[in-house]
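*Asks:* Quick note, the sequences are listed as chains C and F, same order.
First residue of the first sequence: 1, per the numbering used here; consecutive thereafter.
First residue of the second sequence: 1001, per the numbering used here; consecutive thereafter.
2 protein chains.
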Amino acid sequence: MSGYFGAGTRAPESELEIIMSDMPSCQFESRPRRIVIGSGGVQADFCTNCSVRPTSVCSVIEPSDISRLAEVAVETIVSPGRGFIEEGAPATDFFNVTSGTVKLFKALPDGRRQITGFAAPGHFLGLAVSDSYAFGAEAIDTVRVCRFSREKMGELLDDFPKLERRLLEEASNELVAAQNQMLLLGRKTARERVASFLLDQMQAGLLPGQPPPSGGRLHLPMTRGDIADYLGLTIETVSRTLSWMRGQGMIEVGKGYAITIVSTAKLEVLAAGNS
Amino acid sequence: MSGYFGAGTRAPESELEIIMSDMPSCQFESRPRRIVIGSGGVQADFCTNCSVRPTSVCSVIEPSDISRLAEVAVETIVSPGRGFIEEGAPATDFFNVTSGTVKLFKALPDGRRQITGFAAPGHFLGLAVSDSYAFGAEAIDTVRVCRFSREKMGELLDDFPKLERRLLEEASNELVAAQNQMLLLGRKTARERVASFLLDQMQAGLLPGQPPPSGGRLHLPMTRGDIADYLGLTIETVSRTLSWMRGQGMIEVGKGYAITIVSTAKLEVLAAGNS
DNA sequence: CTGATGGGTTGATGTAAATCAATGCGGTCA
DNA sequence: TGACCGCATTGATTTACATCAACCCATCAG
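#1: What residues in its chain sit with their C-beta under 6 Å from that of F:N1096, if we drop five residues either side in the sequence?
#2: For the alpha helix (DSSP H) containing C:V72, name the first residue and the last one.
#3: Find the nearest neighbour of F:C1058 within the set F:S1172, F:L1267, F:A1195, F:P1161, judged by alpha-carbon distance.
#4: Nearest-angstrom Cα distance between F:A1177 and C:A171?
#5: Use the C-beta contact count for C:A212: other C-beta atoms within 10 angstroms, 16 or more gives buried, fewer gives exposed.
#6: Considering only DSSP beta bridges, list what F:L1104 is partnered with.
#7: Is the beta carbon of C:T98 less than 8 Å from the beta carbon of C:D141?
#8: Can you give the Cα-Cα distance for F:E1138 and F:A1258, rounded to whole angstroms?
#9: Using a Cβ cut-off of 7 Å, which residues of the region 1063-1075 of chain F contact any Cβ in chain C, in chain order?
#10: In chain order, what residues of the same chain have a beta carbon less than 7 Å from the beta carbon of C:E164, not counting five sequence neighbours either side?
#11: Using a C-beta to C-beta distance shorter than 8 Å, which residues of chain C count as neighbours of F:P1161?
#12: When you compare only the Cα positions, how much space is there between C:K103 and F:F1118?
#13: Taking Cβ to Cβ, would you say F:I1261 is nearer than 8 Å to F:L1198?
#14: Using 8 Å as the threshold, is the C-beta distance between F:E1087 and F:A1134 below it?
#15: Flag this pair as yes or no: are the beta carbons of F:G1136 and F:V1052 separated by less than 8 Å?
#16: Can you pull the chain F neighbours of C:F135, defined as C-beta to C-beta under 8 Å?
#17: Any Cβ of chain C within less than 8 Å of the Cβ of F:V1269?
#18: Check whether chain F comes within 8 Å of C:N173, counting only Cβ atoms and requiring the distance to be less than that.
#19: Applying the criterion that 16 or more other CB atoms from any shown protein chain within 10 Å of the CB defines a buried residue, is C:D159 buried or exposed?
#20: Hey, does C:T223 have any beta-carbon neighbour from chain F nearer than 8 Å?
#21: Please state whether DSSP places F:C1146 in a helix, a strand or coil.
#22: Excluding the 5 residues flanking C:R193 on each side, which residues of the same chain have their C-beta closer than 6 Å to its C-beta?
#23: Kindly indicate which residue of C:A91, C:A195, C:I235 has the alpha-carbon position closest to the one of C:I251.
#24: Short of 7 Å in beta carbon distance, which residues of its chain neighbour F:Y1120, apart from the five on each side in sequence? Order them along the chain.
#25: Who are the Cβ neighbours of F:I1227 in its own chain at under 6 Å, not counting the five residues just before and after it?
#26: Secondary structure at C:P90, three-state DSSP: helix, strand or coil?
#27: Can the beta-carbon of F:R1150 be found closer than 8 Å to that of F:E1075?
#28: Using alpha carbons as the reference points, say which of F:N1180, F:A1070, F:M1153, F:G1081 lies closest to C:A107.
#29: Please state whether DSSP places C:V129 in a helix, a strand or coil.
#30: Contact defined as beta carbons within less than 8 Å: I believe F:F1094 pairs with F:G1126. What is the distance between those atoms, to the nearest angstrom?
#31: By Cβ distance, which residues of its chain are closer than 6 Å to F:M1245, with the 5 residues on each side in sequence left out?
#32: At a CB-CB cut-off below 9 Å, which residues of chain F make contact with C:A204?
#33: Show which residues of chain F have a CB atom less than 7 Å away from the CB atom of C:Q114.
#34: Under three-state DSSP, which class holds C:G83?
#35: For chain C, check one thing: does any of its Cβ atoms lie closer than 8 Å to the Cβ of F:L1156?
#36: Here's the rule: buried if 16 or more other CB atoms are within 10 angstroms of the residue's CB, otherwise exposed. What is F:L1175?
Printed below as a string of structure tokens:
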């Protein structure tokens, strides 16, 4: 439990290209695993121009020190459906999502799966402490992440105390979200869960760094199966509940991954715990 | 979201005695609320002799600086069933549990309740960030806590960077526990939940700072109702499941709050996800 | 064009756990 | 002493959701 940061034993890797199959955290991936890599951290504006820097943990690093950040960050592109953190594997890296959406999950031996959260751009991954990852992570759509080795992250933390405070803030926010999710999973009905989920997704879209949803229009990148695994339900129940909400005039269900929230008020009544 | 620490506006309070009814976080408490207070932080050995210091966040403060800690800590005794953090109330303080067990919970408007965790001695409370508490806290048995104002805590963090890292570690551990609980609540059956709970409680007893359970003997301070609210079940289901486990020769259910684990192996098979 | 595949919806049926209900038991208070 | 209360256990019944199953509609490969 000591040796919190800097305990990593990862071999130095190329700054410019990585083949995912070399990463131990991807051994469970069965699909073809060629991974495209963005240009590495050679130029300083790699971080300066980062679209999520203003909203991510990196924002606490002063522009004058930005090169330090760029040195240790390796940008990686993960294609849809690909996993890049395996539950239980040695925790060698931290990640910062720069685009796309990631699902985080835990699984039981028989395959039952609980998605513990969705990570949008700006989200920091890998905080869970110990020598191995406590959860898995998989790209939903095309995802870009900044990868930091645990070791180098430790050095950064020593040099930039602000970073540590920011990580604590990040962790605390996660904790609040986790507690809300426990209330949802333990005590809410299917309808309440789906309503809460839709409102949360709308809220997330209103945050800086996300494309703003206009007129209640949501673009959910995840499948019904993902939503079910997130809400502790089955695909069928999610589908039926969405259909019921459509019938109630609460939402409109578009083709593909589009859902439009027609009545926020009705959903809020539901989510708060009425039926 | 900024003004993380040090945003508190709490008036200076007596170091020696506190009446709980003066605390805004206790307005919801209907029972008589006279609270006994331990001798305050006047002498330096207040913290030096603290039984949980070795295992709590306070352990990172050097003995030479211990007086700084004692200055800002106020020891409070909370009697059984009494709440000392109200969900949604202004978050003015942090707490460190020094003895007894605390339940942390969130509630829906109609009274449904989810216990998000039990806090044992050494546990740090209040990490959830924002101006108001995201959860409530209530003493299960007689509880002693060290209280720190948010403001003073901010000063401590500025002066002792190690403290910040320790808090991050604490938060990360909480996060792992929360993820496990999400898996439990979303995907495990009643039997699996109760088995996981019993094993967790045994594990918690093995940690330093807790009375070591001998021969699988557990003393659970919480009621069946608390267990149910923690596991997302009803009282009846918890009771039935414990009876079933007794019938299976997995446990023995004693009078009051005593449970003896007879077969850890059988419980582990259950908890891992077999029926 | 055609069959396969993955995601989604909807219907019929089953079941784990909730709900409703009765009973026991150990405190505590009048 | 007896009435009451909180907590726990156990039984009967109900129900929300899971499971099983059929089907639609894209997309994609051959």
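Note that beta-carbon positions come from the ideal geometry of N, C-alpha and C, so glycine has one too.
*Replies:* Straight from the coordinates:
#1: S1056, F1124, C1146
#2: 66-72
#3: F:P1161
#4: 13 Å
#5: The sequence given here has Pro at residue 212 of chain C, not Ala. So C:P212 ends up on the exposed side.
#6: F:G1117, F:A1137
#7: no
#8: Those two C-alpha atoms are separated by around 21 Å.
#9: none
#10: Closer than 7 Å at Cβ, skipping near neighbours: L157.
#11: P161, E164
#12: 28 Å
#13: yes
#14: Remark: C-beta atoms of F:E1087 and F:A1134 approach each other more closely than 8 Å.
#15: The beta carbons of F:G1136 and F:V1052 sit no closer together than 8 Å.
#16: Q1179
#17: For F:V1269, not one C-beta of chain C is nearer than 8 Å to its own C-beta.
#18: yes
#19: exposed
#20: no
#21: strand
#22: L184, L231, listed in sequence order.
#23: C:A195
#24: Checking the sequence shown, residue 1120 of chain F turns out to be Ala, not Tyr. Hits under 7 Å: V1097, T1101, A1204, Q1210.
#25: V1238
#26: strand
#27: no
#28: F:N1180
#29: DSSP places C:V129 in the coil class of the three-state scheme, outside both helix and strand.
#30: 4 Å
#31: I1251
#32: At a beta-carbon threshold of 9 Å, none of the residues of chain F lie near C:A204; the nearest stands roughly 15 Å away.
#33: Correct list: M1182, L1183, G1186, R1187.
#34: Judged by DSSP in its simplified three-state form, C:G83 adopts strand.
#35: no
#36: With 16 or more other Cβ atoms within 10 Å, it is buried.
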